[in-house]
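One structure below.
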Amino acid sequence: MEPLFEKIYDEYKHQVFFFVKKYIHGREDIEDVVQDIFVHLWKHRQVLEKNKEAIIFKTAKQEIANFYRKNKLSFSDLQEEIHLKVVKEEEDEDEYSQHSDKLEKLLHQMPEKSKAFFLKHKIEGQSYSQIAKENSISKNAVAKHVNKVLNLLKTHINLFFSLLIFIKSFFQG
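Under the UniProt record's numbering, the very last position in the sequence shown is 173; numbers go up by exactly one each time.
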């Protein structure tokens, strides 16, 4: 893979995935469309140097439309679904802002190492062994750090769900 394209892939893979997820349900369908997007981008990688973000998301919209055409879904189904999501997001925004301050305080209470290991394990999907090897510590030490965060989150269970929303939105862009 070319270094420029690899950099673009690494930088945008999560954003593209969550963008597609807004319009398409089913993990396999989402992954197929994301793959189609990056295949298209690979074929036209020479033009990506100019305005890459606009090109990436225009390509994503085209591939989503292609998915709907292939599966004989109407665009009005998509528009209705988008409208319902917008209404839901507006309701969620109020709740989200209420928890935002509490969440920020909770994040600051977590020891940095523990927080980093937790994110690597739970969000990035790294194993305890991988994290331990990267940091030259034992798997048990990694487990203790992750469990420390989990215990703190469990004591603030309402904030736990907000944390997950916050983390996912952070990775979206």
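Backbone N, C-alpha and C define an ideal beta-carbon position, used for all residues, glycine too.
For Val20 and Ile56, believed in contact at Cβ under 8 Å, the rounded distance: For this step, residue 56 is matched to residue 56 along the sequence shown. For this step, residue 20 is matched to residue 20 along the sequence shown. Cβ atoms of Ile56 and Val20 stay farther apart than 8 Å, at about 11 Å.
Buried/exposed call for Val142, threshold 16 Cβ in 10 Å: Position 142 of the sequence shown, counting from 1, holds the residue named residue 142. Under this definition Val142 is a buried residue.
Every unbroken alpha helix (DSSP H) within the segment 6-44, with a cutoff of 4 residues, ordered by chain: 27-43
Lys122 to Glu28 span [Cα, whole Å]: Counting from 1 along the sequence shown, the entry for residue 122 is found at position 122. Counting from 1 along the sequence shown, the entry for residue 28 is found at position 28. Straight-line Cα distance between these residues: approximately 21 Å.
Lys139 vs Ser129 beta-carbon contact at 7 Å: On the sequence shown, position 139 is the one that residue 139 refers to. On the sequence shown, position 129 is the one that residue 129 refers to. Inclusion of Lys139 and Ser129 in the CB contact set at 7 Å is warranted, their separation being smaller than that value.
Cβ neighbours of Ala54 in the same chain (closer than 8 Å, five flanking residues each side left out): Numbered from its first residue, the sequence shown carries residue 54 at position 54. Around Ala54: no qualifying Cβ.
Local conformation of Lys113 per DSSP, three classes: By one-based count along the sequence shown, residue 113 stands at place 113. Three-state DSSP puts Lys113 in a helix.
Lys22 versus Ile131 - alpha carbon distance: Position 22 of the sequence shown, counted from the first residue, corresponds to residue 22. Position 131 of the sequence shown, counted from the first residue, corresponds to residue 131. Linking Lys22 to Ile131 through their CA atoms gives a straight-line distance of about 31 Å.
Residue range of the alpha helix (DSSP H) that includes Glu124: Taking the sequence shown and counting its residues from 1, one reaches residue 124 at position 124. Element bounds for Glu124: n/a, residue is neither H nor E.
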